[in-house]
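In the numbering used here, the protein residues as written are -11 to 109.
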């Protein structure tokens, strides 16, 4: 479950055969984490409460699969960014985190898998 905010920055395009596209792997996630306006805009998109940029819309479309597979098609860089984003948002923006969890994992079926994912190196 904690991969939710990975999707904020990755701008994943079309699903690949083996992995998601790595076109945006060099994205600077610190920009999102230090910009409240940007973080809130991305969160609103993911929560169906605001407009989406094309990149975040693509990510939003891939989110259910990424959650169900513990990001199996994510590149190593995407996994790293996802872990950082999830940890930061959960810690510093708990209300956004609660809303995302409520929307994307209302039954809590991904919780343990994502806790394990976040502990992996």
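Ideal Cβ placement from N, Cα and C applies to all residues, glycine included.
Keep in mind that this is a model prediction, so the values were computed, not measured.
Contact annotation: the region 75 to 90 does not touch the region 46 to 54, with fewer than three C-beta pairs closer than 8 Å. Contact check for residue 63 against residue 8 passes: the beta carbons are separated by less than 8 Å. Residue 108 is positioned such that its CB atom lies no closer than 8 Å to that of residue 61. Residues 33 of the same chain have their beta carbon placed closer than 7 Å to that of residue 39, with the five preceding and five following residues left out of the count.
Residue burial annotation: residue 43 is buried, with at least 16 other C-beta atoms found within 10 angstroms of its C-beta.
Counting of Cβ neighbours within 10 angstroms places residue 100 among the exposed residues, the total staying below 16. Annotated as distal: residue 65 and residue 59, with beta-carbon spacing of 8 Å or more. The three-state secondary structure of residue 19, taken from DSSP, is helix. According to the DSSP assignment, residue 49 belongs to the alpha helix (DSSP H) that extends over 42 to 56.
For residue 33, the uninterrupted alpha helix (DSSP H) run begins and ends at 24 to 34, by DSSP.
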